[in-house]
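Only one structure is covered here, and it is reproduced in the block below.
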Amino acid sequence: MLKEKRKKYLSIFFIFIFVIAIIYIIYHFVYASKFISTENAYTKADVAQVIPKINAPVKDVKVIDTQYVNKGDTIIILDEEDAKIALESAKANLEEKRREIEQLISNDKEFIKKINLDDSKINVLKTTKEKAYIELQKAKKDLNRYSHLLKSKSVSQQNFDDIKLAYDNAKKSWEEAKLNLQSAITSKSVTKAQKESNLQLIKDKKIETNPQVLKAKSDYDKALLDLKRTVIKAPISGIVTQKNVKIGQYVNTNSQLLTIVPISKIYVNANFKESKLKDLKIGQKVELFSDLYGEDTLYHGVVEGISSATGSELSLIPAQNATGNWIKVVQRLPIRIKLNEDELLKKPLYTGLSMHVKVSLDKAN
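Residues in the sequence shown are numbered from 481 upward in steps of one, following this note's numbering.
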């Protein structure tokens, strides 16, 4: 009787074990094989570090740690006095350079007028020189003729002296005409040299494209930009953290003032064993829940990317498997999962939280 009961119980036990095995096999092949899961997953975000672009004292701080800000909100105001002074100085320098180039352009026009006048003067002086030369040649012939007549007593000494004076005057006029012409030619050469030198400073004769004006305009634009940079705005929407700035503090371009975490752009890095990744593809759907809210709050996402290297390979000191005793260790590969933004806005997550991840291995979207 006891043996029969024992056999009965053993039969029931083995049947129970058999049913459990059948259920496990069915679950594995029908359901479990279509998913892979891991608890080695953590939330991440591409945070924005707020760093000033100018050196200045802090005038006002508009935010506190944990505060949510929208992109473009004013978060910090720097003292603008130095920036205003620099802007006024740059503006005055720009106006001065414009006036200088205007004067140089005006000078160029004056040089052109002077060169034209010199050309006219040279033409007149050439004619004068030619006439003086003709007069000199005529006076020279008269002097030679009267010299012979004087020797033969055909003319008086007074007549000869008059001709000699006329010759001397003609020679003097010719010498003066030569000097005046050479002086005019030299004056024109000097003016042309001055014009060329002036032309190098004004290039294409346009004020706004002149190199000196462009440099002054660049300095002005930089000063104007620096003034605008005294008002620091949020580069992205998110929550303020790591605030390290106070009113009156002097900050420079190396100072990290605060960090903004874009909670609507939180993603998950899930580390799967390499042996589970055979059927994983980008675009596959993912279900997740966090320890923060529990299993009742599900998040949905998609596989956005698969890392090209394991965590150990990217570590500061990668493993040297070619030396010493080798023990095989199954590696994990980081998988980036994009989360639904609407769900994140309803139930915000924060960076560094643990997540439970289940990826559907169905065909990717």
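Here a beta-carbon is modelled for each residue, glycine too, at the ideal position from N, C-alpha and C.
So the candidates are the options; which of them puts its Cα closest to the Cα of residue i?
{"i": "Leu760", "options": "Asp842, Asn820, Thr721 and Gly781", "result": "Asp842"}
{"i": "Leu768", "options": "Asp526, Asn573 and Asn820", "result": "Asn820"}
{"i": "Ile531", "options": "Lys753, Thr710, Lys593 and Gln736", "result": "Gln736"}
{"i": "Lys593", "options": "Lys672, Ala572 and Glu580", "result": "Lys672"}
{"i": "Val711", "options": "Val541, Ile687 and Ser788", "result": "Val541"}
{"i": "Ile817", "options": "Gly785, Ala657 and Ala501", "result": "Gly785"}
In the DSSP assignment, find the alpha helix (DSSP H) that holds residue i and state where it starts and stops.
{"i": "Arg816", "result": "No alpha helix (DSSP H) holds Arg816; the beta strand (DSSP E) holding it covers Arg812 to Leu819."}
{"i": "Asn520", "result": "Careful: Asn520 lies outside any alpha helix (DSSP H) and carries neither H nor E."}
{"i": "Lys609", "result": "Glu561 to Lys631"}
{"i": "Val741", "result": "No alpha helix (DSSP H) contains Val741, which is instead part of the beta strand (DSSP E) from Leu738 to Val741."}
Specify the secondary structure class of residue i as computed by DSSP and reduced to three states.
{"i": "Asp540", "result": "strand"}
{"i": "Val670", "result": "helix"}
{"i": "Tyr830", "result": "coil"}
{"i": "Gln529", "result": "strand"}
{"i": "Lys726", "result": "coil"}
{"i": "Leu778", "result": "coil"}
{"i": "Lys758", "result": "coil"}
{"i": "Tyr773", "result": "coil"}
{"i": "Asn751", "result": "strand"}
{"i": "Lys713", "result": "strand"}
{"i": "Ile643", "result": "helix"}
{"i": "Glu688", "result": "coil"}
{"i": "Ile719", "result": "strand"}
{"i": "Val635", "result": "coil"}
{"i": "Lys652", "result": "helix"}
Would you say the beta carbon of residue i is closer than 6 Å to some non-hydrogen atom of the ligand SAH?
{"i": "Asp545", "result": "This structure lacks the ligand SAH, and indeed carries no ligand of any kind."}
Does the Cβ of residue i have 16 or more other Cβ atoms within 10 Å, making it buried, or fewer, making it exposed?
{"i": "Gln692", "result": "buried"}
{"i": "Ser770", "result": "buried"}
{"i": "Arg579", "result": "exposed"}
{"i": "Gly781", "result": "buried"}
{"i": "Asp598", "result": "buried"}
{"i": "Arg812", "result": "buried"}
{"i": "Asn639", "result": "exposed"}
From what residue to what residue does the beta strand (DSSP E) around residue i run?
{"i": "Ser840", "result": "Met835 to Ser840"}
{"i": "Val693", "result": "Unbroken run through Val693 is the alpha helix (DSSP H), Pro691 to Lys708; no beta strand (DSSP E)."}
Between the stretch 534-552 and the stretch 711-720, do at least 3 Cβ pairs fall closer than 8 Å?
Touching, yes.
Three or more C-beta pairs under 8 Å: does that hold for the stretch 512-532 against the stretch 737-744?
yes
Under 8 Å: do the stretch 747-766 and the stretch 833-842 share three or more Cβ pairs, one atom per stretch?
As far as the Cβ criterion goes, the stretch 747-766 touches the stretch 833-842, which means the pair count is three or higher.
Any contact between the stretch 602-618 and the stretch 692-702? By contact I mean 3 or more CB pairs, one from each, below 8 Å.
no
Below 8 Å, how does it come out for the stretch 601-614 and the stretch 649-659: are there three or more Cβ pairs, yes or no?
yes
Given 8 Å, three or more beta-carbon pairs between the stretch 638-648 and the stretch 581-599
no
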